[in-house]
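The block underneath contains the structure these notes are about, expressed in structure tokens.
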Amino acid sequence: MPAKNEVINHGIRMNEMINGIRRFNEQDTEVKKQFYSSNFAQKSGVANWKDTFGCNVAPDSTKPEELPDVCSFNTYFTFIHR
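Residue numbering for the sequence shown follows the working numbering, starting at 164 and increasing by one per position.
As structure tokens, then:
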């Protein structure tokens, strides 16, 4: 059973998610570095084989233009709101 605030699948096709992850990871290291963190004070509860991507959405949300193109809100909102 998913956690109360966990979203499963949310309308994004698996092959599209994998392609997005691949495009992100194929970017130049300097571009990806902006999104890496080694803040060990932050507890995320993630302990799994999969990679994770997180951003604040409220109240001071991440601006879409600050995200790499492969993580754009427009790409994923297209699938969520179809």
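C-beta: ideal position from N, C-alpha, C; glycine also.
Only a predicted model underlies this, so the values are computations on that prediction, with no experimental measurement involved.
* Are any of the Cβ atoms in chain B nearer than 8 Å to that of D191? -> Looking for chain B here will not work: only one protein chain is present.
* Asked: Given a threshold of 16 other Cβ atoms within 10 Å of its Cβ, counted over all protein chains shown, does G279 qualify as buried or as exposed?
  -> It is not possible to answer for residue 279, since the shown part of the chain is limited to 164 through 245.
* Is it the case that the Cβ atoms of F187 and P222 are separated by a distance below 8 Å? -> Here F187 is not near P222, since their CB atoms are 8 Å or more apart.
* To do: Mind listing, in chain order, the continuous alpha helix (DSSP H) runs of no fewer than 4 residues lying wholly within the region 177-203?
  => With a minimum length of 4 residues, the unbroken runs of alpha helix (DSSP H) contained wholly in the region 177-203 fall at 177-188 and 192-196.
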